[in-house]
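Since the structure comes first, as structure tokens, the remarks are kept for the end.
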Amino acid sequence: MFSYKSRYCVAAAMAAMAALTGHVEARDIDLQSIGYFQFSPLPPTLVSQTDTLLLSDSPEYVGPVGGTLSAGTINGNGRIYFYHVNEMDQPHKIAIVLENQTAYPNTVHVMRQLKSVATPDYFAAGRDLSRKDLEQPLNESPNARPLYSLSIPPQGRKLIFSDLEQTPVYQDALFTGIVDIKTEAPVFARVMMLPMGIDAVDASHWAKNLPIDEIQLRGTYTGSKRNMEVTTPFDTTLGGAFVEIGNDREDMFINGVDEMQNKAFVRDRGNYGVSYTLKIPTKGNEPFRLYFNPLGGPYSGSFTVKALHQQGARRGQTDTRTYHIGGADGISALGDGTILDSRIMGNYNAGDLLTLNFMPAGASNLPIRFLLIPESLANPQKHQTIAVNVPKDVKDSLGHPTQGATQIPVGPIGGKDSNKGTVDTTKSTLTPSKQAENIAHEETKKLSDKAAAEAKKEAQLKKAKDAEEALARKKAEEARIAAEKAELARKAAEAKHAEVERKLAEKAEADRKAAELKAAQEAQAAKEKAALEAKKAEEMRQAEEAKRIEAARKAELERQAEEARKAEEVRKAELARIEAARKAEAERVETARKAEAARIAAEERRLEEERRIEAARVEAARKAEEARKAAEAKVRFEAQRAAEKAALEAKRAEEERLAAEAKARLEAQRKAEQEALEARRAEEARKAAEAKAALEAQRAAEQARKAEEARIEAARKAEEARLAAEAKRAEEARKAEEARIEAARKAEQARLVEEARKAEQERLAAERAEAERQAAEARRIAEERYQAHLEAERKAEAARQQALAQAEIERKAKERAEAIQRVKEQQENARRRAELARQQIEAERKAAQAAKTGPSFNELDDIHEDTPNVTIPNAVSIDELTKPRPTASQNTRRRDQRQPQQNQQYAQQNPMTNEQQGQAPYSSQQGQQNDDQNPPKLYPMGQ
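Structure, rendered in structure tokens:
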């Protein structure tokens, strides 16, 4: 398959290895550099599309309940393709039930059934089914044996693909598969997703039809098998080209109807479930490569490529290889986010006819392209070849047999040394085989030297590049180290600055704390009171909040209970509807059974009547036969009597013969002839009677047969009319049932839509109410926080004012204490003066007593002439000092009602004694209270 040149081309050898092993290998090919966007299109043409496809992919995500996913009619060859994800909590199964809606038995042959793994990895599921579709191809020969066959009675239903019963599809898992069948008459197929353990045939009577989703990939289509062909052969001399599939232009999407939506128009966008056969003819004079190139997005699937060789030694032979994209090649899918991804799918020679078989893989994206790239374009190291005629028995320098004309590379095309590869055979004396071997040696040496030079050059370039990269890495490392040092220095400066700022902040904070501590100590009482009030307010607020939360919780519980009740009512209504549908179906089946029983009874009565008529006919025939036999017996008896009489007369004649033998003999002969004539006539009459009786019997039998035929014909027509009427009634009943089901579905859909709308409105209203409540709550909290902030500011201001007032009170108290001290000193002075006065008076009294017994006043005066007059200012009498003073409770007059006495000196008097003032502790509050309750009293002195 490979040319002589490809043995020396490394890329071609690797491609050949990949082609021989069938392994899809990532290629280092730059599509842009080889002019990808200038490739020529090779539009495919649709040759044929056959067979019916029932597609089940909408709804793709099934939930919250299962039901009928897709349904449609298949007549003849058909395929059922399903692709669904279980979004329900419990595992479910896929079930396929066929229904025979005709009045005659129907036989269904199951030709192939495939299923993927059920997995949350969508690409893995689609890739698995694509691989199995190629590994287990459908046998399309007329004599193909089915996997199994089943007969479905009229109006009966049967399950196919029973392996699905034991295949659970867990939550969020994708499950896909196909079933190829062949029917003798139309069948109605249903694809359902049901809980595990439920009887699928029974569930097909009451399972709810699920609505189609927005993708609308379900319905009945024509074209599960599509044959396409590229009419213009790919020419390797004209550069790269591509064949694009699934673009809805050259390769149109198939159209169909959704029988679950009254045959609404649907389209299989992507042709999922369709088996492709694509033929690409080629021509030219050099090998080429085939690449797979996804355009629509990620793709992961399998392809089979058949190459029919139409040139060379392998002419007429076919190579078949299968390539798998994704999975085994280390990627999940190819073409994610780019259109330049590609995978090689083998190397081929010009002139090969390529046939590609595949089915668009589930979870993958279309369109896709198949790129055909000449080897000279894919591999820039192009070489031209010369043809050298070498004998067949000559081997080349590598020991490989040459096959006549061998293609030998002689140098680059268009290069400067293109003339060096030419072979001059005019002056050579060597044999052709030796010349070919020398040329092969020379060219091999040239190629080897060139490859070595290129390898050396590449090594030098690589070494220089490595040196540059090392230098760049070194510079980058030095720059990184310098940047790290600068970063460390910056961080150290920032840390130092932060430390200074921290110390300053700590000092400021200490000063602030000292000031705050002082202010806090001054306003402690006010703060405690405010804190107590705030605590009470907070407790009240928390109590209100708890009440509100409890009320909201109760409202939420009530709402949830109401929703649960509504959901329970909906569930009960649904169960009631299902039960009613089941009962209606059971009643319909029972009515049909009773009608069938009545029909069978009528048929039995008709058959009994026919048997009675037949018995009467047989009895009449028997009686006619008996009459005929009696007539024959009578004729025989009379003939016997006549014979006996003739014998008696003959005996008598014999007796008379003796007398007149001649006359008697003549008479006897005459009589015998006459009797024989009569007997013959009697026999003829008997035979005529028998023939007449037989004719009559035949006529009667013919009439009976005609009557029977007329009766049978009438019965057949009546039966046909009955069957037609029954079919018409059944069709009307089916249409009515379909109309009822459709009306119920529309009503249910409308109800669900209305409920969803109401639920959405309620949800939106609840969300709005909740948002409003949260906004109000946020506003309330913000207002409370603002009020709390204002209250805190007010309390702080009050505390500050109170602290100022306290300071003022302390100042006033200090001044008052000083005033009181001064008053005390004055009182002490007054007391001392009073004591001196008392002592003086006592001295005077003693002097007076002494005067009574001693010298006279004149003598005394003479004695005291040199004594100066002594006056005591503000003297207080003993009575004044000893009289009681009013207390605070007794002095009840207001300050403005007290009238001070004129020309009297007043002194401030504290109701507390000196001992009490010295013993009682003084506080600013106590001083303020004393000032408010017991203002300083002014008492006159000297009274």
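Note that our numbering gives residue 258 to position 243 of the sequence shown, counting from 1, and the numbers run on in steps of one. By construction, the Cβ of each residue, glycine as well, lies at the ideal position given by its N, Cα and C atoms.
Glutamate 390 sits close to glutamate 301, with the two beta carbons spaced by under 8 Å. Its Cα nearest to that of methionine 267, the residue Gln64 stands out among Ala791, Lys732 and Gln64. Contact annotation: glutamate 244 and lysine 197 have beta-carbon atoms that are not nearer than 8 Å. In the pairwise beta carbon analysis, the stretch 638 to 649 is classified as touching the stretch 700 to 711: at least three pairs are separated by under 8 Å. Around the beta carbon of isoleucine 796, a 10 Å sphere encloses fewer than 16 other beta carbons of the protein chains shown; the residue is thus reported as exposed. The bridge partners DSSP lists for arginine 241 are Gln64 and Tyr291.
The C-alpha of glutamate 741 is placed about 58 Å away from the C-alpha of threonine 333. Around the beta-carbon of alanine 845, 16 or more other beta-carbon atoms lie within 10 Å, marking it buried.
Taking tryptophan 221 as the centre and dropping the five residues before and after it, the same chain places the C-beta of Ile593, Ala596, Arg597 and Glu600 closer than 8 Å to its C-beta, in chain order. Distance between serine 73 and glycine 377, taken at the CA atoms: about 13 Å. Between glycine 299 and threonine 252 a beta carbon distance of about 5 Å is seen, short of the 8 Å cut, so the two are scored as contacting.
Judged by DSSP in its simplified three-state form, lysine 461 adopts helix. The closest CA to that of isoleucine 44, considering only Lys108, Phe307, Tyr314 and Pro58, is found on Phe307. Fully contained in the stretch 159 to 216 is no alpha helix (DSSP H) run of length 4 or more.
In this structure, the CA atom of arginine 826 is about 10 Å from the CA atom of alanine 820. Glycine 271: member of the beta strand (DSSP E) spanning 270 to 273, first to last residue. By the CB criterion at 8 Å, threonine 88 and glutamate 274 fall inside the cutoff. Counting along the chain, no alpha helix (DSSP H) covers lysine 278, and no H or E run does either. For lysine 108, the enclosing beta strand (DSSP E) begins and ends at 107 to 114. Under a 10 Å Cβ-count criterion, threonine 297 is classified as buried, with 16 or more other Cβ atoms of the shown protein chains found around its own Cβ. Taking a C-beta distance under 8 Å as the contact criterion, leucine 232 and arginine 304 do not qualify as a contact pair.
Non-local C-beta neighbours of arginine 282 in its own chain, meaning closer than 7 Å and more than five positions away in sequence, comprise Phe268 and Asn270, ordered along the chain. No Cβ-Cβ contact shorter than 8 Å links asparagine 380 with leucine 149.
Check the Cα spacing between aspartate 217 and each of Leu189, Thr83 and Asp136: the tightest is with Thr83.
A straight line joining the alpha-carbon of aspartate 195 with that of proline 161 spans about 10 Å.
As DSSP reads the structure, arginine 142 sits in no beta bridge. Rounded to whole angstroms, the Cβ separation of glycine 350 and tyrosine 314 is 5 Å, and the two are in contact under 8 Å. Following the DSSP letters along the chain, one finds alanine 256 inside the beta strand (DSSP E) bounded by residues 256 to 260. Per DSSP, reduced to three states, the secondary structure at leucine 153 is coil, with no helix or strand assignment. Residue Tyr291 holds the alpha-carbon nearest to the alpha-carbon of isoleucine 260 among Phe280, Tyr291 and Thr67.
CA-to-CA, the gap between alanine 700 and lysine 721 works out to about 30 Å. In this chain, alanine 393 is not harboured by any beta strand (DSSP E); it is covered by the alpha helix (DSSP H) spanning 390 to 393. Of the other Cβ atoms in all chains shown, 16 or more fall within 10 Å of the Cβ of methionine 374; this residue is therefore buried. Between the C-alpha atoms of glutamate 812 and lysine 542 there is a straight-line separation of about 11 Å. Annotated three-state conformation of glutamine 332 is coil, per DSSP.
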